[in-house]
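**Q** One structure is given below, represented as structure tokens, and several questions about it will come after.
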Amino acid sequence: MKVQEISYGYEKECEEVANLAYQALLEEVYTTVKPGLVDLYSNGAHQDMDVRLFEVSASTLRPYFSKMAFAGAHVIGPYEDIFREIRKWGMLAEQAMYGQTKGVNTHKGLIFSLGIFCAAYGLCLRQQRPISLENLIKEEQKLVRLTLEKEVAKLAGNKRGAGARGEALSGYRSVTEVAMPQMVRALALGKDWNRVKQETLFSLMAVVEDANILARCNRETLLEVRELALSLQGADMSKCKEVDRYFIQRNISPGGSADLLALTIFIHSIVC
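See the structure below:
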């Protein structure tokens with residue numbers, strides 16, 4: 199594995215996509231109301247997090263997303279080797295995040311997912327292929343499949359399931375088949391941007407195997423959350439706040455769905 203000796207002038211593009219990743223992190227946390235999650239209304243089921251902490255974390259991670267996009271554009275070698283390089287940057291990003299948040303996990307899952315798609319973006323640049331959803335998913339699959347299939351096999355029976363790895367192996371079907379179509383439909387109807395993001399989140403909560411809920415609670419709670427998410431589509435803010443209070447009482451946080459909302463916002467910003 200080596201870095202290409204000839205620069206193709208992709209530094210600007212890598213900085214731009216990193217800024218879009220940073221903006222997606224902010225757009226996710228600013229989406230209000232999000233039951234059980236940190237937003238501008240409450241800290242949800244999190245006593246150690248608030249919006250300001252998410253802002254600090256997002257700012258800290260921005261340069262690392264640029265590094266991962268640059269690696270996709272410049273590292274030569276098998277896809278497994280490129281993915282290994284991305285993960286090295288991901289580990290450094292995690293360390294930086296924990297340093298700024300005093301050990302609080304604000305964005306670990308998104309370092310993984312956004313990092314993969316930043317690298318996929320870089321690969322499309324290198325190959326001079328259009329930055330489309332189809333091409334990003336193709337590159338994402340080439341990056342992760344061999345490595346994550348082995349890792350997921352070792353996680354069989356784990357309470358939290360395959361989590362982010364499972365989403366990556368699926369080609370992020372919850373994003374491509376559920377969240378993106380929901381976001382596009384809502385925008386076409388002229389809905390308020392905050393409401394578009396809320397409804398996209400609820401569509402994810404209704405289908406995602408949310409590892410965060412499984413870790414904090416159990417499968418029965420996950421199924422309950424899915425039912426409640428369906429009832430929130432089209433509901434007013436008072437209903438969202440009511441469910442938020444209920445989630446706080448039960449220590450329910452659909453963090454996996456929140457991560458996928460941020461990823462959907464990011465992908466939409468670069469392909470639409």
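Per our numbering, residue 199 is the first one in the sequence shown, and the count goes up by one each step. Glycine included, every Cβ here is placed at the ideal spot set by N, Cα and C. Everything numeric in this text was worked out from a predicted model, so none of it was measured.
(1) Measure the alpha-carbon distance for Q326 versus G320 and round it to whole angstroms.
(2) Near N410, what residues of its chain come up, given a Cβ to Cβ distance below 6 Å and the 5 sequence neighbours on each side ignored?
(3) Looking only at its own chain, which residues have a Cβ that is under 6 Å from the Cβ of M266, when we skip the five neighbours before and after it?
(4) What did DSSP end up calling T374 once you bin it into helix, strand or coil?
(5) Mark L461 as exposed unless 16 or more other C-beta atoms lie within 10 angstroms of its C-beta, in which case mark it buried.
(6) For a cutoff of 8 Å on Cβ pairs, would you count V236 as touching chain D?
(7) Leaving out the 5 sequence neighbours to the left and right, which residues in its chain are closer than 6 Å to R260 when beta-carbon positions are compared?
(8) At the level of alpha carbons, what is the spacing between K210 and T304?
(9) Rank S467, S436, C470 and Q380 by C-alpha distance to the C-alpha of P233 and give the top, closest one.
(10) Would you identify the three-state DSSP class for M247, choosing helix, strand or coil?
(11) Along the chain, where does the alpha helix (DSSP H) that runs through E213 open and close?
(12) Report the rounded CA-to-CA distance for E365 versus L308, giving the unit in angstroms.
(13) Leaving aside the five residues before and after I465 along the sequence, list all residues of the same chain whose C-beta is less than 8 Å from its C-beta, in chain order.
(14) DSSP three-state label for Y319, please.
(15) Quick one: using the 10 Å Cβ neighbour count with 16 as the cut-off for buried, is E425 buried or exposed?
(16) Considering only residues of the same chain and omitting the five flanking positions on each side of R414, which have a CB-CB separation below 8 Å?
(17) Would you kindly work out how many angstroms separate the C-alpha atoms of V376 and F400, rounded to a whole number?
(18) In the DSSP assignment, the alpha helix (DSSP H) including L428 goes from what residue to what residue?
(19) What number of angstroms, rounded off, separates the C-alpha of K395 from the C-alpha of L421?
(20) Rounded to whole angstroms, what is the Cα-Cα separation between L218 and G388?
**A** If we stick to the structure as given:
(1) 10 Å
(2) S451, G453 and G454
(3) I284, W287, G313, C316 and A317
(4) helix
(5) buried
(6) Note that chain D does not occur in the displayed structure, where there is just one protein chain.
(7) A216 and Y220
(8) 27 Å
(9) S436
(10) coil
(11) E209 to Y228
(12) 12 Å
(13) F315, L331, L334, V373 and M378
(14) helix
(15) exposed
(16) A243, N449, I450 and S451
(17) 10 Å
(18) R417 to L430
(19) 22 Å
(20) 22 Å
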